[in-house]
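In the working numbering, the protein residues as written are 7 to 251. Ideal Cβ positions, reconstructed from N, Cα and C, are used throughout, including at glycine. Predicted model, so just to flag it, every value in this text is computed and none were measured.
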Ligand SMILES: NC(=O)c1ccc[n+]([C@@H]2O[C@H](COP(=O)([O-])OP(=O)(O)OC[C@H]3O[C@@H](n4cnc5c(N)ncnc54)[C@H](OP(=O)(O)O)[C@@H]3O)[C@@H](O)[C@H]2O)c1
C-alpha cells in the first residue's frame with residue numbers, strides 16, 4: 007500500500023513510519039519539516055496523490071481547549087479535503103483511550119477531531135491508544151528546576167512502537183469507523199512512573215502530584231483513561247521499556 011503518515015517525524019509517527027516500511031509499504035512522511043503543513047494546506051495535494059491510506063499522528067502541545075480544538079479541526083479539515091479530492095480510501099486518526107466526557111483542555115481538541123473524522127465523506131477509522139511510555143518524560147521535559155509536578159493520572163501506558171504497529175494494521179484492514187483500543191499491560195499512576203523515569207535518568211528532582219481542578223482533572227484521576235477490558239494489550243511494560251531507553 008502507499009501510506010501517508012501525517013506527523014511521521016513525531017514520537018509515535020517515527021515508529022509508525024518504521025513499522026509501515028518493515029511491512030513493505032511505500033511511505034510518505036507529511037510534516038512541516040518535510041515541506042507540507044496541515045494548517046495552511048500547503049503541500050497536502052502532492053503528499054496525498056496516489057495514496058491508499060493516510061494515518062494522522064500530527065500533534066500540538068497545549069492545555070488550552072481553544073488552541074487544541076483549532077489545531078485538530080483545521081488540520082483534519084484540510085487533510086480530509088485533500089484526501090477526498092485525491093480519492094484516498096482510508097483516513098486513520100490516532101486518538102486517546104477513555105476521553106469520552108472529558109470535553110476540556112487538550113482532550114476537547116481530540117474529541118473535535120474525532121467528530122470531524124466520523125462525519126467525513128472519506129472512509130475512516132478512529133484508533134485510540136493509552137498514554138505512551140514517553141508521556142512522563144514529555145511532561146518532565148516541559149518543566150524546569152528541581153521540582154516537577156504531575157497531575158493525578160491513572161493510566162495504562164503503552165509502547166509508542168506497539169501503537170505504531172497497531173496503526174499500520176488498522177490502515178491495512180480498511181475503514182471500520184472505530185478500531186479496538188490499545189493500552190499497555192499494567193496499570194500505573196503518572197507520578198510513580200515519572201519518579202522512576204527521573205531515577206533512571208540519574209537526575210536529583212522531586213516529583214510531586216497535584217490533582218487538577220475541573221472536568222479535565224476529574225477525568226485524569228477517574229481511571230477512565232485506563233480503558234476497558236476489551237482493549238488490545240501491548241506487551242512492553244513501562245519498566246521494561248525504561249530499561250532499554
Ligand atoms: N503522547 C501520548 O501519550 C499519546 C497517547 C495517545 C495518543 N496520542 C496522540 O498521538 C498523536 C501524536 O502525538 P506525538 O506525541 O507522537 O506527537 P509529536 O511528537 O508532538 O509529533 C507531532 C508531529 O506532528 C507534526 N506537525 C505538527 N504540526 C504540523 C503542521 N502544522 N503540519 C504538518 N505537520 C505538523 C510534527 O512535525 P513538524 O514539526 O515537522 O511539522 C510531528 O511530526 C497526537 O494526536 C496525540 O493526541 C498521544
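Exercise. Nearest CA to the CA of residue 211: which residue from 231, 155 and 161?
Worked result: 155
For this session: Kindly examine ligand 1 and report whether one of its heavy atoms sits closer than 8 Å to the Cβ of residue 132.
Result: no
For this session: Confirm, please, whether the CB-CB distance from residue 157 to residue 196 is below 9 Å.
Result: yes
Exercise. Can you tell me whether residue 30 is buried or exposed, with buried defined as 16 or more other CB within 10 angstroms of its CB?
Worked result: exposed
Exercise. Mapping DSSP to helix, strand and coil, what is residue 159?
Worked result: coil
Problem set entry | Contacts around residue 15, its chain only, beta-carbon distance under 8 Å, and the 5 residues preceding and following it disregarded | 35, 37, 39 and 40
For this session: Please report the Cβ distance between residue 177 and residue 61, rounded to the nearest whole angstrom; I am assuming they are in contact, meaning their Cβ atoms lie under 8 Å.
Result: 6 Å
For this session: With a 10 Å radius around its C-beta and 16 neighbouring C-beta atoms as the bar for buried, classify residue 235 as buried or exposed.
Result: exposed
Exercise. Is it right to say residue 101 is buried, meaning 16 or more other beta carbons lie within 10 angstroms of its own, or is it exposed?
Worked result: buried
Exercise. Taking DSSP as the reference, what is the three-state secondary structure of residue 186?
Worked result: coil
Problem set entry | Closer than 8 Å: residue 42 CB and nearest ligand 1 heavy atom | yes
Exercise. Quick one: is residue 3 buried, meaning 16 or more other Cβ sit within 10 Å of its Cβ, or exposed?
Worked result: Here the chain covers residues 7 to 251 and nothing more, so residue 3 does not appear.
Exercise. To which residues of the same chain is residue 223 closer than 8 Å at the C-beta, ignoring the five residues directly before and after it?
Worked result: 157, 158 and 217
Problem set entry | Limits of the unbroken alpha helix (DSSP H) element including residue 50 | 50 to 54
Exercise. If you run the structure through DSSP and keep just helix, strand and coil, what is residue 18?
Worked result: helix
Problem set entry | Anticipated Cβ contact below 8 Å, residue 114 with residue 71, distance rounded | 4 Å
For this session: With ligand 1 as the reference, list in chain order each residue whose Cβ lies under 5 Å from any of its heavy atoms.
Result: 13, 15, 16, 17, 18, 19, 37, 38, 39, 43, 44, 45, 63, 64, 65, 100, 102, 135, 137, 138 and 141
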